[in-house]
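>
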Amino acid sequence: MNAYNNPARQALALVVKKAAAVNNDKGMSTVEYAMGSLAAAALAAVLYLVINGGAVVDAIEGIITDALSNTPG
501 MNAYNNPARQ ALALVVKKAA AVNNDKGMST VEYAMGSLAA AALAAVLYLV
551 INGGAVVDAI EGIITDALSN TPG
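Here the sequence shown is numbered in my numbering, starting from 501 and rising by one per residue.
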């Protein structure tokens, strides 16, 4: 029986291959960057909607008008 036909050696090689497949992180940084970019875009969209909402615009305009007319709150 040669080394390649040894069942114990084949089982060990299979375990090593499975362990390597589980611990393979190749491409993970790309996925992490994509998820970070997606989260940043979602946050930007939410902030855009909040800032352009009527209440926020009115509050900012009020603050600017008070500051320019020199009439404190």
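Think of the CB as a built atom: it goes at the ideal place given N, C-alpha and C, for glycine as much as any other residue.
Check whether the Cβ atoms of valine 557 and valine 550 sit closer than 8 Å, and answer yes or no.
Cβ distance not < 8 Å, so valine 557 and valine 550 don't count as in contact.
> Between alanine 541 and methionine 535, what straight-line distance do the alpha-carbon atoms span, to the nearest angstrom?
Spanning the two alpha carbons is a distance of roughly 10 Å.
> Which of the three DSSP states is assigned to glycine 554 in this structure?
Looking at glycine 554 - three-state DSSP - the assignment turns out to be helix.
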